[in-house]
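Under numbering that gives the first Met the number 0, the first residue of the sequence shown carries the number 0, and numbering increases by one thereafter.
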Amino acid sequence: MVKHIVMWKLKPEHMEENAQAIKEALENLNGKIPGLRKLTVNRCYNGYDLVLESELDTREDCASYGDHPLHQEALKIVRPAITERVACDYEAED
Numbered sequence: 000m001v002k003h004i005v006m007w008k009l010k011p012e013h014m015e016e017n018a019q020a021i022k023e024a025l026e027n028l029n030g031k032i033p034g035l036r037k038l039t040v041n042r043c044y045n046g047y048d049l050v051l052e053s054e055l056d057t058r059e060d061c062a063s064y065g066d067h068p069l070h071q072e073a074l075k076i077v078r079p080a081i082t083e084r085v086a087c088d089y090e091a092e093d
């Protein structure tokens with residue numbers, strides 16, 4: 000299994016509305032992308048504003064998830080609302 004973690008800093012204008020829109024857009028991907036086991040988005044309090052935690056079956060599924068049309072559509076909501084992004088992918092035990 001692969002864990003895919005992303006943290007974002009959001010632009011201050013409309014932060015709460017954007018945080019909710021991002022959460023809804025990304026969590027809506029659950030059950031719609033092959034290899035994506037689970038995806039959650041939550042608020043942070045450690046210097047970043049949002050964190051995405053996801054689990055995928057394989058490294059290949061992680062790469063495919065990034066290019067999937069539904070994910071690309073969700074990024075149209077994410078990208079305009081953020082100022083910074085950091086990500087980490089790693090293999091974990093099931």
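Think of the CB as a built atom: it goes at the ideal place given N, C-alpha and C, for glycine as much as any other residue.
Check                                                                                                                                : Outcome
What are the start and end residues of the alpha helix (DSSP H) that includes residue 70?                                            : 68-77
If I'm right that residue 88 touches residue 13 with Cβ under 8 angstroms, what's the distance once you round it to whole angstroms? : Wrong, their Cβ atoms sit about 29 angstroms apart, outside the cutoff.
In three-state terms, what does DSSP make of residue 64?                                                                             : helix
Shortest alpha-carbon distance to residue 90 belongs to which of 64, 76, 72, 55?                                                     : 55
From the DSSP output, which residues share a beta bridge with residue 88?                                                            : 3
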